[in-house]
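S.K.:
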Amino acid sequence: MTQFTRKMTEILNHGALNLALALGYKNRIFDILEELNRPAALSEIASATGLNQRYLQEWLGIMVSGEILELSHAENGLEYYFLPPEHAAVLTRRAGSRNMGVYTQEIPLLTSCAMEAVESGMQTGAGVPFSNYPDFQNFMAELSDAKLEKELIDTFLPAVDQGRLIPRLEQGIRVCDLGCGHGVAVNLLAEAFPKSRFTGIDNHGQAIAEAREAARTRGLANADFRTLDAAALSSDPAWAGCFEYVLAFDAIHDQSHPLEALKGVKSLLVAGGLFSMVDIKAGSRLADNLDHPLGPFLYTVSLMHCLPVGLNDEGTGLGMMWGREKAEELLVLAGFDDISVLEMEHDAFNLHYLCRVPGSASRS
Ligand SMILES: C[S@@+](CC[C@H](N)C(=O)[O-])C[C@H]1O[C@@H](n2cnc3c(N)ncnc32)[C@H](O)[C@@H]1O
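Read in order, the letters of the sequence shown correspond to residues -5 to 358 in my numbering.
1) What do you reckon, is the C-beta of residue 271 under 8 Å from a heavy atom of ligand 1?
2) Which first and last residues belong to the alpha helix (DSSP H) in which residue 4 is found?
3) Give, in chain order, every unbroken run of the beta strand (DSSP E) that is at least 3 residues long and sits entirely within the stretch 51 to 80.
4) Alpha carbon to alpha carbon, how far is residue 357 from residue 162?
5) Taking only three categories from DSSP, how would you classify residue 357?
6) For a quick check, are the C-beta atoms of residue 170 and residue 75 less than 9 Å apart?
7) Could you please give the first and the last residue of the uninterrupted alpha helix (DSSP H) stretch that includes residue 133?
8) Is it the case that the CB of residue 245 approaches a heavy atom of ligand 1 more closely than 8 Å?
9) Out of 196, 197, 201, 165, which one is the CA nearest neighbour of residue 184?
10) Would the beta-carbon of residue 134 be found less than 8 Å away from any heavy atom of ligand 1?
11) Closer than 8 Å to a non-hydrogen atom of ligand 1 - does that hold for the CB of residue 195?
12) Just list the residues that DSSP pairs residue 270 with in beta bridges.
13) Any idea what DSSP makes of residue 32, helix, strand or coil?
14) How should residue 5 be labelled, buried or exposed, when 16 other C-beta atoms within 10 angstroms of its C-beta is the threshold for buried?
15) Within a Cβ cutoff of 7 Å, which residues of the same chain sit near residue 222, ignoring the five residues on either side of it in sequence?
16) Looking only at its chain, what residues have a beta carbon closer than 8 Å to the beta carbon of residue 204, apart from the 5 residues adjacent to it on each side?
17) Is residue 250 near ligand 1, with its Cβ less than 8 Å from a heavy atom?
18) Which value, in whole angstroms, describes the spacing of the CA atoms of residue 82 and residue 8?
19) Please report the straight-line C-alpha distance between residue 350 and residue 267, rounded to a whole angstrom.
20) In whole angstroms, what is the alpha-carbon distance linking residue 119 and residue 108?
21) Might you give, ordered along the chain, the residues of its own chain that have their beta carbon closer than 6 Å to the beta carbon of residue 242, omitting 5 neighbours on each side?
22) Taking 8 Å as the cut-off, is the C-beta of residue 107 nearer than that to any heavy atom in ligand 1?
23) With C-beta atoms as the reference, is residue 247 less than 9 Å away from residue 329?
24) Comparing alpha-carbon positions, which option in 326, 249, 49, 336 lies nearest residue 309?
25) What is the rounded straight-line gap between the Cα of residue 340 and the Cα of residue 235?
26) Measure how close the beta-carbons of residue 26 and residue 40 come, nearest whole angstrom, since I'm counting them as under 8 Å.
27) Is residue 138 a contact residue of ligand 1, with contact defined as CB to any heavy atom under 8 Å?
28) Within 10 angstroms of the Cβ of residue 346, are there 16 or more other Cβ atoms? Answer buried if so, exposed if not.
29) I'd like the list of long-range same chain contacts for residue 47, defined as Cβ closer than 8 Å, with 5 residues on each side in sequence excluded.
30) Taking residue 125 as the reference, give the member of 199, 265, 22 with the closest Cα.
31) Over the uninterrupted alpha helix (DSSP H) stretch that includes residue 192, give me the two end residues.
32) Of the residues 343, 331, 337, which one's Cα is nearest the Cα of residue 352?
33) Straight-line CA distance for residue 117 to residue 342?
34) Could you check whether residue 275 and residue 323 sit closer than 9 Å to each other, using their CB atoms as the reference points?
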């Protein structure tokens, strides 16, 4: 076998494993195996998960041959399956921000949403409408839940503006989350800082409806959500200077008109206002991403989603791997001239672009 044939064999096996991991994650099998915390027989796993034994048997074959689960035998030959704790620690919902299981769903989801559309887009150059991805917002909400629940309040915000943002949030300021999706961040923030007011903006009406419903269920009177196109904000005087702080998590690079959106952010802010843009840590040149540990994965997510949705509406089509140099260029073009690019201890795969509008923030 040549080295490349070996690599191709690994690719086929790992691609298949990703799909089977996603099915296991969706059916909560890892969570249940972790709770069992001991080797379990097929019949036991079937009754604990409520899944069909025959399907489960096939799935267990993939997990054991893929070295995700360990196989052992009783004296009578009965097979037992075990999820080692160090695997559970990055595969289950309980793993919080270390949960990599949630990411296994991404490629299968995007494949089922957009395989044919991207195949044809590659021939014609056409974008793929957001409506092709009906389950994407749910997935993003699940991802944000996993990523943000522990980190947003305890780790991310205390690092903003060298700790000066937290007391202002405690006293009461106006905050906007642009591209808020299901409002996971807004609702966490609104709960943590009851004297501040939070507005989530997204152009996806269904996501905004879900965000509103989540805020209502949690009794959050200081969270508000609007269906708006970020690219239109800078031309709407009603929104000018309405916020002391704006954040955009993973929400600029897949917009059709990202520069207009960033101009919109600038116009939303008061003098002295702050903008936190959190986006993928990469270089704008392919050559700078060759050692990226998730390079092929992120470029594939971009090909299957970020790029085609960003091409809609005669869009720019930046793609997820637009990179630091391009991001800084657009921030400057949008009018931000005080930009700090910060690494995040809790999130090795993103950068935090902290931008400050000149002037002093007067209102609390
Ligand atoms: C990758 S998701 C990130 C969602 C959320 N910030 C998170 O971290 O989970 C990008 C979001 O940007 C929104 N979006 C895309 N284009 C937009 C536009 N022109 N105006 C407002 N929101 C937009 C999408 O609907 C989606 O909810």
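All C-beta atoms in this analysis are idealised placements derived from N, C-alpha and C, irrespective of residue type, glycine included.
M.R.: According to the structure data:
1) Between ligand 1 and residue 271, a heavy atom-to-CB distance of less than 8 Å is absent.
2) Here the alpha helix (DSSP H) through residue 4 covers -3 to 20.
3) DSSP runs (the beta strand (DSSP E)) wholly in the stretch 51 to 80: 64 to 67, 73 to 76.
4) Interpretation of residue 357 is limited by its pLDDT of 48, a score under 50 that renders its predicted location unreliable; no figure is taken from the coordinates.
5) Legend: pLDDT at residue 357 = 48, less than 50; position of this residue unreliable, value from coordinates given subsequently. The three-state reading of DSSP puts residue 357 in coil, since its state is none of H, G, I, E or B.
6) The criterion of a C-beta distance shorter than 9 Å is not satisfied by residue 170 and residue 75.
7) Unbroken alpha helix (DSSP H) run through residue 133: 130 to 145.
8) Yes - ligand 1 has a heavy atom lying nearer than 8 Å to the Cβ of residue 245.
9) If you compare the alpha carbons of 196, 197, 201, 165 with that of residue 184, the shortest gap goes to 165.
10) Residue 134 Cβ: within cutoff of ligand 1.
11) Yes.
12) Paired residue(s): 241, 348.
13) In the three-state DSSP reduction, residue 32 falls in the coil class, being neither helix nor strand.
14) By the neighbour-count rule (16 or more Cβ atoms within 10 Å), residue 5 is not buried but exposed.
15) These residues qualify, in order along the chain: 195, 197.
16) Result list for residue 204: 131, 135, 176, 177, in chain order.
17) Residue 250 Cβ: within cutoff of ligand 1.
18) Take the alpha-carbon of residue 82 and the one of residue 8: they are about 18 Å apart.
19) Using only the alpha carbons, I get a separation of about 6 Å.
20) Approximately 14 Å between the Cα atoms of the pair.
21) When the five nearest sequence neighbours on each side are left out, the beta carbons in the same chain lying within less than 6 Å of the beta carbon of residue 242 are those of 172, 173, 271, in order along the chain.
22) False, no ligand heavy atom lies under 8 Å from that Cβ.
23) Result no, Cβ atoms of residue 247 and residue 329 do not sit closer than 9 Å.
24) Just measuring C-alpha positions, the residue of 326, 249, 49, 336 sitting nearest residue 309 is 249.
25) Going from the Cα of residue 340 to the Cα of residue 235 covers about 31 Å.
26) The pair is not a contact, with the Cβ atoms about 11 Å apart (cut-off 8 Å).
27) Distances from the CB of residue 138 to the heavy atoms of ligand 1 include at least one below 8 Å.
28) Within a 10 Å sphere around the beta-carbon of residue 346 sit 16 or more other beta-carbons, which makes this residue buried.
29) Hits under 8 Å: 36, 37, 40.
30) The candidate whose alpha carbon is nearest that of residue 125 is 199.
31) Per DSSP, residue 192 is not a residue of any alpha helix (DSSP H); the beta strand (DSSP E) it occupies stretches across 191 to 196.
32) Taking only the C-alpha atoms, the option nearest residue 352 is 331.
33) Cα to Cα, the separation comes out at about 35 Å.
34) Annotated as distal: residue 323 and residue 275, with beta-carbon spacing of 9 Å or more.
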